[in-house]
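Asker: Would you mind keeping the following structure in view while I ask a few things?
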Amino acid sequence: MPEGVMGAVWAFCWGVAAASGSLVGAILGLITNLRHRSIAAFMSLGAGVLLSAASFKVASEALILASAASTVGGILAGAATFSIANAALVTARDRKRCGECKSQPSEADAPGSGTAIALGTALDAVPEALVLGVSLRTGGPDLALVMALALANLPEAISGTAGMRLASRSSTYVLSLWSGTTFGTAATTALAFYFLSDLGPDATAILKAYGAGALIAMTAETMIPEAFHNGPRYSGVLAAAGFAALILLSEFAR
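Residue 17 is where the sequence shown starts when you use my numbering, and the numbers rise one by one after that.
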């Protein structure tokens, strides 16, 4: 495992791989016209994948290294931090949303709404970047986790792009937003990897639990509502399939 600046560059590259689903999803959202039910189905799968990553890949590893009390405390602290930050976006109703879930105003109708969307998108990416950065520092690259994050980002970007198109936002705006999210996530991953080099196992475990809690809160507050809003009746099965898919990916990646 490389260290120092080269280690940060290495972590950045893995961050780009994990966040690449956002940019691919944005492009698909611009060139296709998927129906809401199709987007909701993909979102259900993505939500299941992220919940599996938070529990199966992150929280369970934290529990091995730290006590149950520390793990639970870290999870709740991470979830609370995300929820408070999300609530602080007083224009959260203007955040990225698929068109049929919740319409976005155009910049002309609501000046500053574009900034709210950008901030909300950036906030959603932080838990993933933290989880990946800690994972890279403690165990090296986890291909299953990287693939899971990339797959989960795909429907989220398709959904967000669909809402932005209905709000008459330009392709340049959409691609700039998701490109910034992709490389911003990678940069946050690199920073997390770089600054965690001196942490002991207990602190690392608590930070893992913190990231898991933030990831769970992000999934519950931003993905699940869209996944189940007028989605297919079998959305729960799709979410379970996404959860199980990560377990299979982990087995194949061994």
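For glycine and all other residues, C-beta sits at the position ideal for the given N, C-alpha and C.
Everything numeric in this text was worked out from a predicted model, so none of it was measured.
For the segment 53-70 against the segment 183-195, do three or more pairs of beta-carbon atoms, one drawn from each stretch, fall closer than 8 Å, so that the two count as touching?
Answerer: Segments in contact, no.
Asker: May I have the straight-line CA-CA distance separating A34 from G41, to the nearest angstrom?
Answerer: The straight-line gap from Cα to Cα measures roughly 13 Å.
Asker: What's the C-alpha gap between Y226 and T48?
Answerer: Those two C-alpha atoms are separated by around 37 Å.
Asker: Determine the DSSP secondary structure at P171, reduced to helix, strand or coil.
Answerer: If DSSP states are grouped into helix, strand and coil, P171 belongs with the helices.
Asker: What is the rounded straight-line gap between the Cα of V25 and the Cα of L265?
Answerer: Using only the alpha carbons, I get a separation of about 26 Å.
Asker: Between the alpha carbons of E242 and A255, how many angstroms are there, rounded?
Answerer: Cα to Cα, E242 sits roughly 12 Å from A255.
Asker: Since Y210 is in the alpha helix (DSSP H), which residue starts that stretch and which ends it?
Answerer: Counting along the chain, the alpha helix (DSSP H) containing Y210 begins and ends at S187 to F211.
Asker: State the CB to CB distance for the pair A27 and L152, rounded to an integer number of angstroms; the pair is presumed to be in contact (CB under 8 Å).
Answerer: Confirmed, about 5 Å.
Asker: In whole angstroms, what separates the C-alpha of I271 from that of G31?
Answerer: Look at the range of the chain in this structure, 17 to 270, and you will see that residue 271 is not part of it.
Asker: Could you have a look at T48 and say whether DSSP puts it in helix, strand or coil?
Answerer: Reduced to three states, the DSSP call for T48 is coil.
Asker: Excluding five sequence neighbours on each side, which residues of the same chain lie with their C-beta closer than 8 Å to the C-beta of V162?
Answerer: Same-chain partners within the cutoff: W30, A33, A34 and L148.
Asker: Once you ignore the five residues that flank G258 on each side, which residues in its own chain have a CB closer than 6 Å to its CB?
Answerer: Result list for G258: L61, G64 and V65, in chain order.
Asker: So which of T238, L159, V150 and F268 has the shortest CA-CA distance to M59?
Answerer: Comparing Cα positions, the closest option is T238.
Asker: By how many angstroms is the C-alpha of T137 removed from the C-alpha of N169?
Answerer: Spanning the two alpha carbons is a distance of roughly 11 Å.
Asker: So, under 8 Å CB-CB, A141 and T197 are touching, yes? Tell me the CB distance rounded to an integer number of Å.
Answerer: Confirmed, Cβ separation roughly 5 Å.
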